[in-house]
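S.K.: Handing you this structure, nothing more for now.
Rendered as structure tokens:
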């Protein structure tokens, strides 16, 4: 019997050691595995290398992990955002190393790691600072940069549903880096709203086959979903609306 | 100023050049305005690099879905026919030449079509590139939407970029608040001058030698 489900996020991340390289799924807040990140923070791992598209938003999730000081280096494409003040402060104080990778090269380097590709030639970034020092080649009249895979010891991913074999489906643009990161880590840990019975996910719609997944934790539905149905009632940050007066909110929004 | 058109008018102007059936990426920032001006009755599919084709308009406030966002991390809608996919697929669409048009902002565009739009190289600035380098080299047509001049009055059209490059020889056309410029093997060609702009005045503003599409029958100008 194969059962990848774990009883808690804390148990799922308990063996992530100091110095580990950890991929964290999500694009901005969409798809960020908040409960797994919180469990990693509680564990108190240090000297981590984190791979994510961004460098945290606000004071929660990845930003909260950075705020612990336990992250030595981050590999990402777009750290600077309107609400990335935690990263901004660490970077300006010289307390975190940044490796900036163009977004498509980041994605393809992760995909290559999971797919067993040794390296690949990408046209992205040719002739720019982000390709300086890298091997280049002209192929059929186009210039390319040699890019190497990015792999990790652990991947922390958010998905919508899993079964006990680790088959995954995602929800909308929260899919983003999940499928490729799942394939590129030695140990892939996934949080889902719900673990369903084997066979309850149509094999035709499985996005990440369970072969890429090691551990699954159910964390319950997010505030904007009830009984599997979108109900809204949240801000883009996923925070519940405390003022239920839509008129008041619409006028504020337009201001 | 009578010599400039508004950002909204520029967005509408660009929208008018996007043909029925095109698959388009509008990046982040000002170019996303173009979505509001796409002509009714055409099917133009918007791609957002975080993993969606068929992006729809901004939702009503009570329909905001944190799992449904664009590359600028703003809430968006979902049209009938939309598709979701992971990041490697999304950038395969871009890098693989499957997008018809992308529209990007710019710090500088050179006469040979080099683009600089991700870093000013200023000390202390936090660099961020996102998908700009993939879009710049990937789409069949790369349009730039920008003011012609910086706030300090310097031309963003230049002989050679001084800011760090995003891509080499990648820009097809530049839409500015003064005029529309095509990138040609012989430098910039004024495709359309807005309002009372003249090619002579544009040459003065940019310090560049410009070709005039109107006199060579390659375009038209609005008075």
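Residue numbers (the working numbering), protein chains in the order written: chain A, 19 to 273; chain B, 5 to 227. By construction, the Cβ of each residue, glycine as well, lies at the ideal position given by its N, Cα and C atoms.
Any beta carbon from chain B within less than 9 Å of residue 223 of chain A's own beta carbon?
M.R.: On the first chain, position 205 is the one that residue 223 of chain A refers to. Not one chain B Cβ lies under 9 Å of residue 223 of chain A.
S.K.: Output yes or no for whether 9 Å exceeds the beta carbon distance between residue 27 of chain B and residue 103 of chain B.
M.R.: Counted from its first residue, the second chain places residue 27 of chain B at position 23. Counted from its first residue, the second chain places residue 103 of chain B at position 99. Going by C-beta atoms, residue 27 of chain B is nearer than 9 Å to residue 103 of chain B.
S.K.: Return yes when the Cβ of residue 170 of chain A is within less than 9 Å of the Cβ of residue 252 of chain A, no when it is not.
M.R.: Along the first chain, one-based indexing puts residue 252 of chain A at 234. Along the first chain, one-based indexing puts residue 170 of chain A at 152. Result no, Cβ atoms of residue 252 of chain A and residue 170 of chain A do not sit closer than 9 Å.
S.K.: CB residue 154 of chain B to CB residue 160 of chain B, shorter than 9 Å?
M.R.: To locate residue 154 of chain B, count along the second chain from 1; it is residue 150. To locate residue 160 of chain B, count along the second chain from 1; it is residue 156. The answer is yes: Cβ separation under 9 Å.
S.K.: At the level of alpha carbons, what is the spacing between residue 168 of chain A and residue 127 of chain A?
M.R.: The count along the first chain starts at 1 and reaches residue 168 of chain A at position 150. The count along the first chain starts at 1 and reaches residue 127 of chain A at position 109. For residue 168 of chain A and residue 127 of chain A, the distance between alpha carbons rounds to 5 Å.
S.K.: Assuming contact is defined by CB atoms lying nearer than 9 Å, are residue 70 of chain B and residue 255 of chain A in contact in what I supplied?
M.R.: Position 66 of the second chain, counting from 1, holds the residue named residue 70 of chain B. Position 237 of the first chain, counting from 1, holds the residue named residue 255 of chain A. In this structure, residue 255 of chain A lies closer than 9 Å to residue 70 of chain B by Cβ.
S.K.: Output yes or no for whether 9 Å exceeds the beta carbon distance between residue 37 of chain B and residue 22 of chain B.
M.R.: Taking the second chain and counting its residues from 1, one reaches residue 37 of chain B at position 33. Taking the second chain and counting its residues from 1, one reaches residue 22 of chain B at position 18. Taking 9 Å as the Cβ cut-off, residue 37 of chain B and residue 22 of chain B do not qualify as a contacting pair.
S.K.: Compare the C-alpha of residue 115 of chain B against each of B:217, B:212 and B:30 and name the closest.
M.R.: Along the second chain, one-based indexing puts residue 115 of chain B at 111. Nearest of B:217, B:212 and B:30 to residue 115 of chain B, Cα basis: B:212.
S.K.: Quick one: which chain A residues come within Cβ less than 7 Å of residue 38 of chain B?
M.R.: Here residue 38 of chain B refers to the residue found at position 34 when the second chain is read from its first residue. In chain order: nothing, as chain A lies at least about 20 Å away.
S.K.: Taking the alpha carbon of residue 213 of chain A as the point to measure from, which residue in A:79, A:180 and A:132 has its own alpha carbon closest?
M.R.: By 1-based counting over the first chain, the position of residue 213 of chain A is 195. Ranking the options by Cα distance to residue 213 of chain A, first place goes to A:180.
S.K.: Leaving out the 5 sequence neighbours to the left and right, which residues in its chain are closer than 7 Å to residue 238 of chain A when beta-carbon positions are compared?
M.R.: As a working mapping, residue 238 of chain A is identified with position 220 in the first chain. Cβ within range, chain order: 211.
S.K.: Please state the DSSP three-state secondary structure of residue 52 of chain A.
M.R.: If you number the first chain from 1, residue 52 of chain A lands on position 34. Note: residue 52 of chain A maps to helix in three-state DSSP.
S.K.: Could you tell me which chain A residues have their CB closer than 9 Å to the CB of residue 144 of chain B, listed as they occur along the chain?
M.R.: On the second chain, residue 144 of chain B is found 140 positions in, with the first residue counted as 1. Within chain A, no residue comes near residue 144 of chain B; the closest Cβ sits about 14 Å away, beyond 9 Å.
S.K.: Identify, in the order they occur along the chain, each residue of the same chain with its Cβ nearer than 8 Å to the Cβ of residue 77 of chain A, setting aside the five sequence neighbours on each side.
M.R.: Looking up residue 77 of chain A in the first chain gives position 59. 85 and 104.
S.K.: Is residue 190 of chain B helix, strand or coil by DSSP?
M.R.: As a first step, residue 190 of chain B must be located in the second chain, where it is residue number 186. Correct three-state label for residue 190 of chain B: coil.
S.K.: Does the Cβ of residue 13 of chain B have 16 or more other Cβ atoms within 10 Å, making it buried, or fewer, making it exposed?
M.R.: In the second chain, counting from the first residue as 1, residue 13 of chain B sits at position 9. That one is exposed.
S.K.: Please state the DSSP three-state secondary structure of residue 71 of chain B.
M.R.: The residue given as residue 71 of chain B occupies position 67 in the second chain. Residue state, collapsed to three classes: coil.
S.K.: So what's residue 219 of chain B in DSSP terms, helix, strand or just coil?
M.R.: In the second chain, the residue the question calls residue 219 of chain B occupies position 215. DSSP places residue 219 of chain B in coil when its eight states are reduced to three.
S.K.: Under DSSP, the alpha helix (DSSP H) around residue 42 of chain A begins and ends at which residues?
M.R.: Mapped onto the first chain, residue 42 of chain A falls at position 24. No alpha helix (DSSP H) contains residue 42 of chain A, which is instead part of the beta strand (DSSP E) from 39 to 42.
S.K.: Below 6 Å CB to CB, which residues in the same chain sit around residue 112 of chain A once its five sequence neighbours on both sides are set aside?
M.R.: Numbered from 1 along the first chain, position 94 holds the residue referred to as residue 112 of chain A. Cβ neighbours of residue 112 of chain A beyond the five flanking positions: none.
S.K.: Please say whether residue 193 of chain A and residue 95 of chain B have beta carbons closer to each other than 9 Å?
M.R.: As a first step, residue 95 of chain B must be located in the second chain, where it is residue number 91. As a first step, residue 193 of chain A must be located in the first chain, where it is residue number 175. Not in contact: residue 95 of chain B and residue 193 of chain A (Cβ atoms no closer than 9 Å).
S.K.: Tell me whether residue 263 of chain A sits in a helix, a strand or coil according to DSSP, three-state version.
M.R.: The residue labelled residue 263 of chain A in the question sits at position 245 within the first chain. Here the model assigns residue 263 of chain A a pLDDT of 47, short of 50, so the residue's position is not dependable, and the following value carries that caveat. Of the three classes helix, strand and coil, the one that applies to residue 263 of chain A here is coil, per DSSP.
S.K.: Within this structure, are the beta carbons of residue 52 of chain A and residue 199 of chain A separated by less than 9 Å?
M.R.: Residue numbering aside, residue 52 of chain A sits at position 34 when the first chain is read from its first letter. Residue numbering aside, residue 199 of chain A sits at position 181 when the first chain is read from its first letter. Against a cut-off of 9 Å, the Cβ pair of residue 199 of chain A and residue 52 of chain A comes out as no contact.
S.K.: Following the continuous alpha helix (DSSP H) through residue 12 of chain B, name the residue where it begins and the one where it ends.
M.R.: Locating residue 12 of chain B in the second chain gives position 8, where the first residue counts as 1. Looking at the DSSP string, the run of the alpha helix (DSSP H) that includes residue 12 of chain B is 11 to 19.
S.K.: Using CA atoms only, rank isn't needed, just tell me which of A:96, A:235 and A:205 is closest to residue 26 of chain A.
M.R.: As a working mapping, residue 26 of chain A is identified with position 8 in the first chain. Comparing Cα positions, the closest option is A:235.
S.K.: So, at 7 Å on beta carbons, what are the nonlocal neighbours of residue 268 of chain A in its own chain, with the 5 sequence-adjacent residues on each side left out?
M.R.: In the first chain, residue 268 of chain A corresponds to position 250, counting from 1. Any reading at residue 268 of chain A must be qualified, since the residue scores a pLDDT of 38, below 50, and its modelled position is unreliable; no value is offered.
S.K.: Can you give, in chain order, each stretch of the alpha helix (DSSP H) that sits fully within the region 55 to 112 of chain A and has at least 4 residues?
M.R.: As far as the region 55 to 112 of chain A is concerned, its whole alpha helix (DSSP H) runs of at least 4 residues are 80 to 85 and 103 to 110.
S.K.: When you compare the CB of residue 259 of chain A with every CB in chain B, is at least one pair closer than 9 Å?
M.R.: One-based indexing of the first chain puts residue 259 of chain A at position 241. Yes, residue 259 of chain A counts as interfacial toward chain B.
S.K.: Count the other CB atoms, across all protein chains shown, that sit within 10 Å of the CB of residue 156 of chain B; report buried if there are 16 or more and exposed otherwise.
M.R.: Locating residue 156 of chain B in the second chain gives position 152, counting from the first residue. Exposed, since its Cβ has fewer than 16 Cβ neighbours within 10 Å.
S.K.: Locate the alpha helix (DSSP H) running through residue 124 of chain A, then write down its first and last residues.
M.R.: One-based indexing of the first chain puts residue 124 of chain A at position 106. It spans 121 to 133 - the alpha helix (DSSP H) in which residue 124 of chain A sits, taken as one unbroken run.
S.K.: Just to confirm, is the Cβ distance from residue 137 of chain B to residue 75 of chain A under 9 Å?
M.R.: Numbered from its first residue, the second chain carries residue 137 of chain B at position 133. Numbered from its first residue, the first chain carries residue 75 of chain A at position 57. Taking 9 Å as the Cβ cut-off, residue 137 of chain B and residue 75 of chain A do not qualify as a contacting pair.
S.K.: Less than 9 Å separating the beta-carbons of residue 128 of chain B and residue 110 of chain A?
M.R.: By one-based count along the second chain, residue 128 of chain B stands at place 124. By one-based count along the first chain, residue 110 of chain A stands at place 92. Their beta carbons are under 9 Å apart, which means residue 128 of chain B touches residue 110 of chain A by this criterion.
S.K.: When DSSP labels each residue in this structure, what does residue 268 of chain A get in the three-state scheme?
M.R.: One-based indexing of the first chain puts residue 268 of chain A at position 250. The predicted position of residue 268 of chain A is uncertain, since its pLDDT is 38 and thus under 50; a value taken from the coordinates is nonetheless stated next. Residue 268 of chain A falls in the helix class under three-state DSSP.
S.K.: Could I get the ranges of all uninterrupted beta strand (DSSP E) runs contained in the region 156 to 208 of chain B, with 3 residues as the minimum, in chain order?
M.R.: Within the region 156 to 208 of chain B, the complete beta strand (DSSP E) runs of at least 3 residues are 177 to 180, 183 to 188 and 191 to 197.
S.K.: Between the alpha carbons of residue 193 of chain B and residue 146 of chain A, how many angstroms are there, rounded?
M.R.: Within the second chain, the letter at position 189 stands for residue 193 of chain B. Within the first chain, the letter at position 128 stands for residue 146 of chain A. Spanning the two alpha carbons is a distance of roughly 26 Å.
S.K.: Using a Cβ-Cβ distance cut-off of 9 Å, determine whether residue 133 of chain B contacts chain A.
M.R.: Here the question's residue 133 of chain B lines up with position 129 in the second chain. Closer than 9 Å to some Cβ of chain A, the Cβ of residue 133 of chain B qualifies, so yes.
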